[in-house]
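Protein chains in written order, with the numbering used here: chain S, 298 to 415; chain U, 39 to 152. Shown next, in structure tokens, is the structure this report addresses.
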Amino acid sequence: QQQVKQSPQSLIVQKGGIPIINCAYENTAFDYFPWYQQFPGKGPALLIAIRPDVSEKKEGRFTISFNKSAKQFSLHIMDSQPGDSATYFCAASMALNAGGTSYGKLTFGQGTILTVHP
Amino acid sequence: DTEVTQTPKHLVMGMTNKKSLKCEQHMGHRAMYWYKQKAKKPPELMFVYSYEKLSINESVPSRFSPECPNSSLLNLHLHALQPEDSALYLCASSQVKLGVAEAFFGQGTRLTVV
């Protein structure tokens, strides 16, 4: 129930293409769904995130689509560039904020290695 | 400023050494985390501190010892590690706002155990 399933494992597109990465979850207690971008040797950087009461969110060339009934969400990268080549992780978070404790527990997908060819 | 700073960036240690990883954030976040990441895998949660108290220990071996001296600092003390502990160690911090915890990661410490 804590798993987040991510697909595909790897993805190759040409510059200008629109790669789409998909994630699915089971636990309806998750309350926040971020995407992280990670370059080799670097830490994951928060790219974009969505709450389950919203069906779509756009930030620049990045869009999250969220389907609460299907328990699925996806990342679309418009006009992809070679600089977008990285590993992308979807995640689902559950916040705990009670009794003097306040944190969020992230469950990550397995990651997608994206390559954008010039 | 969404910066989490980790030092050192790289560390090579022998199996009998004692070393420490350091993490600092000045975003006023009250939750801090240690993750371990192996190549081509997602980060795995090790420890969570909330208000400087240990909230989660994901059954991590005692050769890893976390410490949270204050709300801005998080340390990970390492002793008698094994070669399989070689990995990228990531620190993160978050604050719960409007019911969600937005987490920011540092650049990591690349640890090699020889």
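Even glycine gets a Cβ: it sits at the ideal position worked out from N, Cα and C. On a predicted model such as this, the values are computed, not experimentally measured, just so you know.
(1) Return the residues of the stretch 324–353 of chain S that lie within a Cβ-Cβ distance of less than 9 angstroms from chain U, sorted by chain order.
(2) Just the C-alpha distance for Y87 (chain U) and A125 (chain U), rounded to the nearest angstrom, thanks.
(3) Considering Cα atoms alone, identify which of S:L411, S:K312, S:I317 and S:F327 is closest to I361 (chain S).
(4) Check the C-beta distance from Y71 (chain U) over to E82 (chain U) and give it rounded, since I have them as a contact under 8 angstroms.
(5) Step through the CB atoms of chain S and report whether any lies within less than 9 angstroms of the CB of Q120 (chain U).
(6) Using 8 angstroms as the threshold, is the stretch 309–329 of chain S in touch with the stretch 374–382 of chain S, meaning 3 or more CB pairs across them?
(7) What in chain U is Cβ-close to Q407 (chain S), meaning under 8 angstroms?
(8) Can you find a C-beta in chain S that's less than 9 angstroms from the C-beta of K57 (chain U)?
(9) Assuming A383 (chain S) contacts T404 (chain S) (C-beta within less than 8 angstroms), just tell me the rounded distance between them.
(10) How big is the Cα-Cα spacing for E62 (chain U) and A141 (chain U)?
(11) Of the residues U:V151, U:R148 and U:F143, which one's Cα is nearest the Cα of Y333 (chain S)?
(12) At the 9 angstroms Cβ level, is L83 (chain U) part of the contact set with chain S, yes or no?
(13) Which chain S residues sit within Cβ distance under 7 angstroms of S88 (chain U)?
(14) By DSSP, does G380 (chain S) sit in helix, in strand, or in coil?
(15) Spell out whether any CB of chain S is found under 9 angstroms from the CB atom of A141 (chain U).
(16) By the 10 Å Cβ neighbour count, where 16 or more other Cβ atoms means buried, how is I309 (chain S) classified, buried or exposed?
(17) Are the stretch 100–108 of chain U and the stretch 117–131 of chain U touching by the rule of at least three beta carbon pairs closer than 8 angstroms?
(18) For the stretch 100–131 of chain U, which segments carrying the beta strand (DSSP E) assignment without a break, of at least 3 residues, lie completely within its bounds, in sequence order?
(19) Suppose the cutoff is 6 angstroms on Cβ atoms and the five residues either side in sequence are ignored; what does the same chain contact list for L59 (chain U) look like?
(20) For a contact meaning CB atoms closer than 9 angstroms, what does N394 (chain S) contact in chain U?
According to the data block:
(1) Those residues of the stretch 324–353 of chain S that come within reach of chain U (Cβ to Cβ, closer than 9 angstroms) are D328, Y329, P331, Y333, Q335, G338, K339, G340, P341, A342, L343, A346 and R348.
(2) Counting only the Cα atoms, A125 (chain U) lies some 21 angstroms from Y87 (chain U).
(3) S:I317
(4) Incorrect: roughly 11 angstroms between the Cβ atoms, too far for contact.
(5) False, the Cβ-Cβ gap to chain S never drops below 9 angstroms.
(6) yes
(7) K79 and P80
(8) For K57 (chain U), the answer is no, since every Cβ of chain S falls outside 9 angstroms of its Cβ.
(9) Not a contact, Cβ separation roughly 20 angstroms.
(10) 14 angstroms
(11) U:F143
(12) yes
(13) T398, S399 and Y400
(14) helix
(15) yes
(16) exposed
(17) yes
(18) 102–108 and 111–117
(19) L114, Y127 and T147
(20) V134, G137 and A139
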